Structures are given as structure tokens and as C-alpha cells.
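S.K.:
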Amino acid sequence: MKTLFRIIVVALSVFVVSCQKDQDLFSQAEELEEKSAQIVVNEISVDNAVADMNYESDFFIGAEGMMTGMQGGGMMHGGGMNWGSNNSMHYMTGQHPEYRMHGNQGQYPDSLVMNYGMGTQLNNGRVMSGSMIIHTLGEPNGEGFTRKITYDGFSVDSMSISGMTTIHISGDHQNEGVHSVTGDIMITMPDGSTIHRESEIVREWIEGAETNLDQTDDVMQVTGHVTNTITENGTETIYRKDIVEPLIKPSGCRYFSQGVIELSQGGNVIATLDYGNGDCDDVAVVAKNGEDPVEIILSENDHCAANYRGTGMGMGHSNQQGTGNETGTGHGTSSENGHGTGMGQGGSNGSGMGQGHGNGHGGNG
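Take any residue in the sequence shown, count from 1 to its spot, add 460: that is its number in this note's numbering.
(1) Going by C-alpha distance, which of Ile708, Gln555, Met646, Asp674 is nearest Tyr611?
(2) On the three-state DSSP scale, how would you describe Thr610?
(3) Assuming Gly738 and Ser717 are in contact, meaning their beta carbons sit under 8 Å apart, how far apart are those beta carbons, in whole angstroms?
(4) What separation, rounded to the nearest whole angstrom, lies between the Cα atoms of Arg657 and Ala747?
(5) Using the beta-carbon count (16 or more within 10 Å), is Glu558 buried or exposed?
(6) Determine the direct distance from the alpha carbon of Ser571 to that of Gly598, and round the result to whole angstroms.
(7) Please state the DSSP three-state secondary structure of Tyr699.
(8) Would you mind sorting Glu755 into buried or exposed? The rule is 16 or more other CB atoms within 10 Å of its CB.
(9) Answer with buried or exposed for Leu582, where buried requires no fewer than 16 other C-beta atoms within 10 angstroms of its C-beta.
(10) In the DSSP assignment, the beta strand (DSSP E) including Arg560 goes from what residue to what residue?
(11) From this set, Pro710, Thr732, Pro753, which residue's C-alpha is nearest Asn508's C-alpha?
(12) Give the secondary structure of Ser618 by DSSP, where H, G and I count as helix, E and B as strand, and everything else as coil.
(13) Taking C-beta to C-beta, are His639 and Asp512 nearer than 8 Å?
(14) Just checking my contact of Thr676 with Gly712 at CB under 8 Å: how many whole Å lie between their CB atoms?
(15) Between Met649, Glu516, His628, Ser653, which has its C-alpha nearest Val826's C-alpha?
(16) Counting C-beta neighbours from all protein chains within 10 Å, is the total for Met510 16 or more, i.e. buried, or is it exposed?
(17) Can you give me the start and stop residues for the beta strand (DSSP E) that Ser589 sits inside?
(18) Closer than 6 Å by C-beta to Glu722: which residues in its own chain qualify, once you throw out the five before and the five after it? Chain order, please.
(19) Using only alpha-carbon positions, find the residue among Tyr515, Asp762, Ser505, Arg700 that is nearest to Gly727.
(20) Under 8 Å, do Asp651 and Glu667 count as touching if we go by C-beta distance?
(21) Taking DSSP's pairing of strands, which residues face His628 in a bridge?
(22) Suppose contacts are defined by Cβ-Cβ distances below 8 Å. Is Met624 in contact with Asp644 by that definition?
(23) Can you list, in chain order, the stretches of the beta strand (DSSP E) that have 3 or more residues and sit fully within the stretch 648-678?
(24) Give every residue of the same chain whose Cβ lies closer than 6 Å to the Cβ of Gln725, excluding the five residues on either side of it in the sequence, and list them in chain order.
(25) Given His685, which residues of its chain have a CB within under 8 Å of its CB, disregarding the five upstream and five downstream residues?
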């Protein structure tokens with residue numbers, strides 16, 4: 461009888477341990493699925509915002525020669541270019557960055573500062589604030605000609621950006637709009653998590669480079685790879701993005717219109733993201749972990765889509781009203797005045813400023 465009892469106890473123990481292992485495996489699978497989904501969402505938000513940021517620096521670098529001649533008058537306004545009066549630019553009417561060049565008279569500028577102020581809104585809905593500073597190293601049209609870009613209080617939508625981007629321009633490509641880029645930037649997301657991006661990419665201006673100050677016909681192509689380290693609540697998640705088909709981004713589109721990327725961890729592909737065949741829309745196709753591909757709406761998976769759809773992660777300096785249905789938790793700053801219904805924090809004067817996830821429906825301030 462005692463022997464039988466022991467057998468039953470052992471059998472039950474094995475059953476309990478087996479169930480526990482199954483539950484652990486299920487939890488791990490669920491956690492991996494959630495993590496891969498979060499990586500895709502982060503990539504949609506960050507990669508497209510960084511692409512717009514990079515285009516700004518590429519454009520101003522390409523226009524330096526013409527702007528040097530204009531700095532004495534013509535299109536100057538309030539210490540900067542009056543972009544707002546030029547409908548060939550990609551900024552909302554009345555909004556524009558101001559630029560200042562520094563260096564010796566008659567020589568190539570040592571630095572160029574683009575100041576977006578408290579908020580400059582692009583036609584695609586994205587909002588930039590703060591300053592980008594481009595430092596020039598080496599002789600133009602010569603080997604070793606390099607630009608180093610730093611950021612001063614700079615943000616794109618609700619993401620704060622710091623660090624440095626280095627652009628290498630060889631003599632062969634000086635007038636071809638081909639830039640080899642290494643980036644080492646830190647992005648702080650609305651929820652306080654950070655993403656450290658280390659990139660090695662090539663950006664090529666494939667259309668519109670010859671029209672100087674006309675941004676409406678500009679199209680950029682991006683190839684290369686990026687390593688991302690997400691830190692959230694003290695936990696690090698590392699993933700890599702490889703561009704397997706060149707990413708194409710017209711200046712007027714909020715998202716890439718074409719191209720395919722692979723997202724991987726530890727050498728294993730966890731998801732692919734296909735931006736389509738060239739349409740300027742917010743639709744893409746995602747395939748995760750061997751599952752069937754599914755079509756997604758990019759703006760519904762974009763942390764920072766508020767300025768595009770008027771929902772969720774609104775920013776205090778945007779002039780657009782929130783009308784959509786995404787949900788956001790406000791993270792307002794003391795200088796923002798919002799008009800949404802998200803939960804303002806940090807002594808904000810508005811009730812909007814919805815950024816991130818959670819409660820409330822933050823509109824744009």
C-alpha cells in the first residue's frame with residue numbers, strides 16, 4: 461500500500477512538473493510573440509521618423525551652396541530662410557526651420573544650424589523641434605569630406621533624439637547625392653524607454669537632387685543595416701534591422717513607400733516588414749515567425765502617429781486637432797498647451813499631449 465502511494469505521489473509530481481514546464485514554455489512563447497510585435501511597432505515609429513530627420517540634413521547639405529548666396533538677403537526672414545513663403549518646400553504654410561551658417565566670409569561654412577524652434581510641422585504631419593547642427597570636416601569635393609551632425613534639444617514628434625550622425629561623402633559622389641552614413645543616436649520614447657541605434661547605411665538621393673530648393677520631387681533610397689538596443693525598466697532587448705530590398709521614401713510621404721526589411725534577434729529572423737510597391741500610403745505587410753503575412757495600417761501601429769491622424773501621441777506645439785481613435789497617455793511638458801483629452805503630466809498646462817500608450821485620447825495641442 462505504501463509502495464502504491466509512493467508511485468501515485470511520484471506520478472502526480474511528474475504530472476505537475478510536466479504541466480509547469482508546458483506553462484513555462486507557453487509563457488515564453490507568448491513573451492517572445494509580444495516582444496517581436498513590440499519590436500515591429502518600435503521599428504515603424506522610429507525608422508520612418510529618423511528617415512525624415514535624415515532627409516532634412518541631406519536636403520540642407522545639398523542646398524548649402526545656394527543658401528550661402530542667399531544669406532545676404534532675398535529669401536531671408538527673421539534670421540533664417542523664409543521657407544513658409546515657398547510652396548515648393550514640404551513644410552506647413554507659415555512654418556519653417558531657420559538656418560544659420562558659421563565660418564569665415566567667402567569660405568565654405570564650418571557649421572550649419574537648422575533651428576526648428578518649438579515645433580515645425582511637415583506636410584506629412586510630422587513635427588520637429590529643437591536644432592540640428594552640421595559640422596563640416598575636410599575640403600569639399602575632396603576625399604575625407606565629412607559632416608558630423610549633433611542634436612540640441614531635438615525631437616521628432618514625441619521622440620527625443622541625441623547623439624551623433626556622421627556622413628562620409630567621397631569626391632566621386634559629391635554631386636550625386638550618395639551619402640555613406642554611420643549613426644550612433646539615442647532615442648527616448650514617450651513612455652521613457654530608450655532605443656540606442658547604431659547604423660551603417662547608404663542614403664541616395666534618387667530623384668529631385670537637381671532642383672535645389674524644390675522638395676516636392678525629392679525621393680530618397682536607403683540601404684544597409686541598423687542594430688537597436690531597447691532599454692525598458694532596466695531590461696535590454698537587442699535586435700537588428702537589415703534592409704533586404706532598398707527602402708524608398710518620397711519627401712511628402714510619412715512612411716516608406718517601398719522596400720523590405722528583416723528584423724532579427726540572435727541571428728534568427730523574427731519578422732519581415734514589406735512597405736509595398738511605391739504607393740504613398742500607410743499600409744504595409746508583416747510576416748512574423750513563419751506566420752502568414754498580414755496587412756497592417758502603419759499609422760495604427762505608430763507611437764507617434766498623432767500628428768498624422770490627430771490621435772494618441774499629440775504634441776503641444778502641433779496646430780492640428782485630435783480627431784482619431786488611437787489611445788495615448790499624456791506626457792506633457794511645462795511649456796506645452798494641448799487640446800486633447802489625454803492625461804497631462806510634468807506640470808503641463810494642457811489636458812492633451814497624449815503620448816505613448818494607455819489611458820485617454822490625446823489630441824494635438
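C-beta: ideal position from N, C-alpha, C; glycine also.
Since the model is a prediction, treat every value here as computed from it, not as a measurement.
M.R.: With the given structure in hand:
(1) Within the sequence shown, numbered from 1, the residue matching residue 611 stands at position 151. Across the set Ile708, Gln555, Met646, Asp674, the C-alpha of Met646 shows the shortest separation from the C-alpha of Tyr611.
(2) Looking up residue 610 in the sequence shown gives position 150. Note: Thr610 maps to strand in three-state DSSP.
(3) What you label residue 738 is simply residue 278 of the sequence shown in a count that begins at 1. What you label residue 717 is simply residue 257 of the sequence shown in a count that begins at 1. For a cut-off of 8 Å, the C-beta gap from Gly738 to Ser717 is around 5 Å, short enough to register as a contact.
(4) The residue labelled residue 657 in the question sits at position 197 within the sequence shown. The residue labelled residue 747 in the question sits at position 287 within the sequence shown. Looking at the two C-alpha atoms, the distance is approximately 23 Å.
(5) In the sequence shown, counting from the first residue as 1, residue 558 sits at position 98. Buried: at least 16 other Cβ atoms inside 10 Å.
(6) Looking up residue 598 in the sequence shown gives position 138. Looking up residue 571 in the sequence shown gives position 111. Rounded to whole angstroms, the gap between the alpha carbons of Gly598 and Ser571 is 12 Å.
(7) Here residue 699 is taken as the residue at index 239 of the sequence shown, counted from 1. Assignment of Tyr699 by DSSP, reduced to helix, strand and coil, places it in the strand class.
(8) Numbered from its first residue, the sequence shown carries residue 755 at position 295. Under a 10 Å Cβ-count criterion, Glu755 is classified as exposed, with fewer than 16 other Cβ atoms of the shown protein chains found around its own Cβ.
(9) Taking the sequence shown and counting its residues from 1, one reaches residue 582 at position 122. Under a 10 Å Cβ-count criterion, Leu582 is classified as buried, with 16 or more other Cβ atoms of the shown protein chains found around its own Cβ.
(10) Counted from its first residue, the sequence shown places residue 560 at position 100. From DSSP, the beta strand (DSSP E) with Arg560 extends over 558-562.
(11) Here residue 508 is taken as the residue at index 48 of the sequence shown, counted from 1. Ranked by Cα distance from Asn508, the options Pro710, Thr732, Pro753 are led by Pro710.
(12) Locating residue 618 in the sequence shown gives position 158, where the first residue counts as 1. Of the three classes helix, strand and coil, the one that applies to Ser618 here is coil, per DSSP.
(13) Start at 1 with the first residue of the sequence shown, and residue 639 comes out as number 179. Start at 1 with the first residue of the sequence shown, and residue 512 comes out as number 52. It is not a contact, given that the beta carbons lie outside the stated cut-off.
(14) Start at 1 with the first residue of the sequence shown, and residue 676 comes out as number 216. Start at 1 with the first residue of the sequence shown, and residue 712 comes out as number 252. Right, the Cβ-Cβ distance comes to about 7 Å (below 8 Å), so this counts as a contact.
(15) Because the chain is modelled from 461 through 825, residue 826 falls outside the range shown and cannot be assessed.
(16) Taking the sequence shown and counting its residues from 1, the one referred to as residue 510 is at position 50. For the sequence presented, residue 510 should be read as Val rather than Met. The residue is buried, with at least 16 neighbouring Cβ atoms inside 10 Å.
(17) Residue mapping note: residue 589 aligns to position 129 of the sequence shown, counting from 1. From DSSP, the beta strand (DSSP E) with Ser589 extends over 587-597.
(18) As a working note, residue 722 is residue 262 in the sequence shown. The beta carbon of Glu722 lies closer than 6 Å to those of Asp702, Val704, Val729, Thr732 in the same chain, with the five residues before and after it left out.
(19) Mapped onto the sequence shown, residue 727 falls at position 267. With distances taken between Cα atoms, Gly727 lies closest to Arg700.
(20) Residue mapping note: residue 651 aligns to position 191 of the sequence shown, counting from 1. Residue mapping note: residue 667 aligns to position 207 of the sequence shown, counting from 1. In this structure, Asp651 sits away from Glu667, with a CB-CB distance that is not shorter than 8 Å.
(21) Here residue 628 refers to the residue found at position 168 when the sequence shown is read from its first residue. Thr606, Ser640.
(22) Taking the first residue of the sequence shown as position 1, residue 624 is located at position 164. Taking the first residue of the sequence shown as position 1, residue 644 is located at position 184. Taking 8 Å as the cut-off, the Cβ atoms of Met624 and Asp644 count as close.
(23) Fully enclosed beta strand (DSSP E) runs of 3 or longer: 654-667.
(24) Along the sequence shown, one-based indexing puts residue 725 at 265. Counting only Cβ-Cβ distances below 6 Å, and skipping sequence neighbours, we find Tyr699.
(25) Locating residue 685 in the sequence shown gives position 225, where the first residue counts as 1. Here His685 has Ser659, Glu660, Ile661, Arg700, Lys701, Asp702, Ile703 as same chain residues with Cβ atoms under 8 Å from its own Cβ, once five neighbours each way along the sequence are excluded.
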